[in-house]
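Mapping of the sequence shown onto the working numbering: position 67 corresponds to residue 445, and the numbering continues sequentially without gaps.
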Amino acid sequence: MAQPVEESRKIGKIISEKRKADGLTQARLAALSGVGVRFVGELERGKPTARLDKLFKVLDGLGLYLDVKKRGE
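Here it is as structure tokens:
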């Protein structure tokens, strides 16, 4: 499922799609991740000021990780 992410809305879309594919509500994902429901909603909508520590918790809750690469690799 590797996808390039160049803006906050893209990562929000990826998280939203994975959450729905896993059959999770925003509330359930928030509980699994140890973050608030409001944060999950803001993250899915692409809020550009989302906290990275919470982003990593949500990614972990979905069984995802962030892989940063140099462009063109």
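All residues carry an ideal CB built from backbone N, CA and C; glycine is no exception. Every value quoted in this text rests on a predicted model; they were computed, and no experiment measured them.
Of the choices the options, whose alpha-carbon is the least far from that of residue i?
| i | options | result |
| --- | --- | --- |
| V329 | A405, A380 and G450 | This structure gives no information on residue 329, because the portion of the chain shown stretches from 379 to 451. |
| S386 | A409, L444 and T427 | T427 |
Using 8 angstroms for Cβ pairs, my map puts residue i next to residue j. What's the rounded Cβ distance?
| i | j | result |
| --- | --- | --- |
| K432 | V413 | 5 angstroms |
Quick check on residue i: does DSSP put it in helix, strand or coil?
| i | result |
| --- | --- |
| E385 | coil |
| D400 | coil |
| D431 | helix |
Rounded to the nearest angstrom, what separates residue i and residue j at their Cα positions?
| i | j | result |
| --- | --- | --- |
| L442 | E420 | 18 angstroms |
| G439 | R449 | 27 angstroms |
| G390 | G424 | 5 angstroms |
| S394 | A409 | 15 angstroms |
| V418 | E451 | 30 angstroms |
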